[in-house]
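Numbering (the working numbering), first residue to last: 2 to 253.
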């Protein structure tokens, strides 16, 4: 029996493994699958991971215990990930997410090459060239997102942004917080590069502002060691595209 775990991403890359064959994987392979799943969709419960990988909850807990011991995984304070809410009544489910060390064990192909290329670009064109590249990159990722025409359209545009980011490998979701919404990116395919070139993160924030027409605030980034890239969008602020009220001159 084989259990499908992940589909191919929108960009054609394979996600967190295509299939799990119970009994056919080594401990190392299964543990890596747990790490990749938490990196893509965490925080998750042991039950969520077991369902997704097609293995027993006891087996998942054994791997989680090992990852906790090595500092690659930590318990999350709230279950805000893709796995859903608490199951049933009784004792609350425990949620798990990757630490910075755990994210370092994800496969980041071409990081060294990308960093070297950006260093060369900066040497040739300066900081402006890096900023232009970063903005062009996030524009491509969000090319299909329809900009919000007014405040009523902002929530839908937020969901479009999260969907576009997920399609590009960022494992993004949204959550309501107070009078606003947060976009949470649980994985960053360029985190190691962004640690050296924060212009990549800054361009994302600028692009979100352009698409939403309202000020947004970046609260955390994986590149800085946080568990997710989190951007807060207030829903009460006016859309910047709206026409300002005319200013009355004194004596008019």
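Glycine included, each C-beta is placed from N, C-alpha and C at the ideal position. Every value quoted in this text rests on a predicted model; they were computed, and no experiment measured them.
Determine the direct distance from the alpha carbon of residue j to that of residue i, and round the result to whole angstroms.
i: residue 236; j: residue 160; result: 13 Å
i: residue 210; j: residue 57; result: 44 Å
i: residue 142; j: residue 37; result: 22 Å
i: residue 163; j: residue 129; result: 27 Å
i: residue 60; j: residue 104; result: 21 Å
i: residue 227; j: residue 197; result: 15 Å
i: residue 35; j: residue 50; result: 7 Å
i: residue 219; j: residue 53; result: 31 Å
i: residue 66; j: residue 75; result: 10 Å
i: residue 125; j: residue 137; result: 18 Å
i: residue 184; j: residue 119; result: 27 Å
Below 7 Å between beta carbons: does that hold for residue i and residue j?
i: residue 234; j: residue 168; result: no
i: residue 201; j: residue 101; result: no
i: residue 42; j: residue 172; result: yes
i: residue 190; j: residue 214; result: no
i: residue 133; j: residue 186; result: no
i: residue 44; j: residue 96; result: yes
i: residue 29; j: residue 99; result: no
Give me the residue from the options with the minimum Cα distance to residue i.
i: residue 199; options: 54, 116, 174 and 61; result: 116
i: residue 194; options: 151, 52, 185 and 223; result: 223
i: residue 177; options: 96, 216, 231 and 149; result: 231
i: residue 140; options: 32, 45, 48 and 206; result: 206
i: residue 78; options: 46, 68 and 67; result: 46
(message) Give the list of continuous alpha helix (DSSP H) stretches no shorter than 4 residues that lie fully inside the region 108-161.
(response) 112-142
(request) Would you list, in sequence order, the uninterrupted beta strand (DSSP E) runs of no fewer than 3 residues that lie entirely inside the region 164-188? (result) 173-178 and 181-186
(request) Could you name each continuous alpha helix (DSSP H) segment of 4 residues or more that falls completely within the region 57-83, going from the start of the chain to the end? (result) 58-70
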